[in-house]
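Read the structure below first, then the notes.
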Amino acid sequence: MKFMLIFYNTGRLRVVISTANLVDYDWRDIENAVWLQDVPPRSQPLPHDPNDVDDFPSIMQKVLHAVNVRPALANMLANDHPKLPLQSIHDLRSKWDFSKVRVKLIPSIAGKHEGWPAVIQTGHVRLMKAVRDLGMRTGKEGRRRSYQLNGSSIGTYSTQWLNEFHFSARGESADEWLDEPKNRRSKLPWPAVKILFPSLKTVRASALGEPGGGTMFCRTKQWEGAKFPRELFHDSNSAGGRVLMHTKVQPAHTTHPSQIA
0 MKFMLIFYNT GRLRVVISTA NLVDYDWRDI ENAVWLQDVP PRSQPLPHDP NDVDDFPSIM
60 QKVLHAVNVR PALANMLAND HPKLPLQSIH DLRSKWDFSK VRVKLIPSIA GKHEGWPAVI
120 QTGHVRLMKA VRDLGMRTGK EGRRRSYQLN GSSIGTYSTQ WLNEFHFSAR GESADEWLDE
180 PKNRRSKLPW PAVKILFPSL KTVRASALGE PGGGTMFCRT KQWEGAKFPR ELFHDSNSAG
240 GRVLMHTKVQ PAHTTHPSQI A
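If you want it as structure tokens, here you go:
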């Protein structure tokens with residue numbers, strides 16, 4: 000997770016979520032993306048409500064807890080910045096007005112999540128809820144929709160997981176696939192997915208050359224796995240020139256006019 004919370008003397012808060020690591024070459028020689036928005040302070044703090052768990056600041060607070068910001072914040076307040084506007088993690092939602100923030104925050108938080116209220120706050124199931132909240136659920140016709148997945152770290156993909164992700168990206172409920180036996184899900188064909196990842200030729204031709212390919216991860220053991228979906232991989236080439244794409248983008252494509260969104 001790459002994010003920054005920047006506090007200004009005027010009281011405003013700038014929230015920055017980036018695909019780049021905090022190293023110079025990530026910002027200079029590799030293609031990345033940044034989302035940011037300034038959030039004004041509230042005139043009066045909002046009382047803490049433990050039932051508000053789904054809006055942007057509530058999910059952001061969950062992320063801060065997950066990455067163990069609380070002890071670091073306590074240390075900063077005690078030793079370096081006692082007047083920091085953020086005195087506790089709960090202040091994020093209570094002291095700043097996020098009403099103009101329209102994006103959906105979809106974190107992927109490691110660990111075990113039990114119970115639907117907890118499960119739906121993270122991972123691709125969180126993506127499913129966001130798609131629904133935005134009114135973009137595709138329905139059964141969405142099975143024709145193709146997704147391009149551009150990233151920099153390749154996992155150990157299975158037909159089961161990619162099909163589950165495809166369901167969530169379409170806004171379809173997990174109930175659709177949880178009713179299927181696990182052994183049957185593991186034998187499903189690959190969904191309509193293209194995975195964009197640079198070839199060795201593209202890496203060597205990039206600004207940093209082969210040494211710069213260290214930001215793109217795909218282990219040999221994964222690639223050579225008997226069930227690894229090598230046929231889904233396509234070379235990623237940036238329109239910006241000789242740079243590797245460290246962005247994480249997942250556009251959806253369809254040839255059906257009624258599904259264009």
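Counting from 0, one number per residue, gives the positions in the sequence shown under numbering that gives the first Met the number 0. Virtual Cβ for every residue (Gly too), placed ideally from N, Cα, C. Quantities reported herein were computed from a predicted structural model and do not represent experimental measurements.
Contacting residues, own chain, Cβ-Cβ under 6 Å from Asp-37 (five flanking each side not counted): So the qualifying residues of the chain are Arg-11 and Arg-13.
For Lys-61, three-class secondary structure by DSSP: Looking at Lys-61 - three-state DSSP - the assignment turns out to be helix.
Residue span of the beta strand (DSSP E) that contains Asp-37, given as start and end: For Asp-37, the enclosing beta strand (DSSP E) starts and ends at 33-38.
Bridge-paired residues (DSSP) for Trp-160: According to DSSP, which records beta bridges pairwise, Trp-160 is partnered with nothing at all.
Whole runs of the alpha helix (DSSP H) within the segment 140-222, excluding any shorter than 4 residues: Here the runs fully enclosed are 158-168, 174-177, 181-184, 199-204 and 219-222.
Cβ pair count under 8 Å reaching 3, the segment 135-149 against the segment 114-126: By the Cβ rule, the segment 135-149 does not count as touching the segment 114-126, because fewer than three pairs are nearer than 8 Å.
8 Å contact criterion, which Ser-167 and Leu-195 should meet: CB distance rounded: With a contact defined as Cβ atoms closer than 8 Å, Ser-167 and Leu-195 miss out at about 19 Å.
Pair within 8 Å by beta-carbon distance, Gly-212 and Leu-243: The Cβ atoms of Gly-212 and Leu-243 lie closer than 8 Å to each other.
Where Met-135 sits in the DSSP three-state scheme: Reduced to three states, the DSSP call for Met-135 is coil.
Contacting residues, own chain, Cβ-Cβ under 6 Å from Lys-63 (five flanking each side not counted): Correcting the residue identity first, residue 63 is Leu in this sequence and not Lys. The beta carbon of Leu-63 is closer than 6 Å to those of Ile-88 in its chain, skipping five residues each way along the sequence.
Burial state of Thr-9 (16 or more Cβ within 10 Å): Under this definition Thr-9 is an exposed residue.
Selection from Ala-117, Gln-120, Lys-103 and Ile-153 that minimises the alpha carbon distance to Gly-134: Taking only the C-alpha atoms, the option nearest Gly-134 is Lys-103.
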